[in-house]
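Participant:
Residue numbers (the UniProt record's numbering): 1 to 102.
1) State buried or exposed for residue 42, treating a residue as buried only when at least 16 other CB atoms are found within 10 Å of its CB.
2) So the beta strand (DSSP E) residue 86 belongs to, where does it begin and stop?
3) Can you tell me where the beta strand (DSSP E) with residue 96 in it begins and where it stops?
4) Given 8 angstroms as the limit, is there contact between the region 28 to 46 and the region 55 to 64, that is, 3 or more CB pairs closer than that?
5) In chain order, what residues of the same chain have a beta carbon less than 6 angstroms from the beta carbon of residue 22, not counting five sequence neighbours either side?
6) If you run the structure through DSSP and keep just helix, strand and coil, what is residue 59?
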């Protein structure tokens, strides 16, 4: 019976999140390039071009980098090759993307 309730809960959560094509808090005009990163630098551009607080997590969820950037350039040369999760906060909005470093 517990499995049934869990299944119903997951169904409602999936339907609730699946109805939004763009998350409410996503940063307008968010661009992340190049991805995959080969040069040790990644560029983050937004429409507002305000200071951005950047967090990078590895696949296990451990925070490996936290910084604030004023422009668009982020130095990731200290990170090992792999797949990461990039979370950017700008004003009251947030964007989360997958970041690949080669």
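Don't be surprised by glycine CBs; every beta carbon is placed ideally from N, CA and C.
Facilitator: Straight from the coordinates:
1) Around the C-beta of residue 42, 16 or more other C-beta atoms lie within 10 Å, and the residue is accordingly described as buried.
2) Where residue 86 is concerned, the enclosing beta strand (DSSP E) stretches over 82 to 90.
3) Per DSSP, residue 96 belongs to the beta strand (DSSP E) from 93 to 101.
4) Put simply, the region 28 to 46 does not touch the region 55 to 64. Fewer than three CB pairs are less than 8 angstroms apart.
5) With a pLDDT of 49 at residue 22, under the threshold of 50, the modelled position of that residue is not reliable, and the figure given next carries that caveat. Taking C-beta separations shorter than 6 angstroms and ignoring five residues to either side along the sequence, residue 22 has no partners in its chain.
6) Three-state DSSP puts residue 59 in coil, outside helix and strand.
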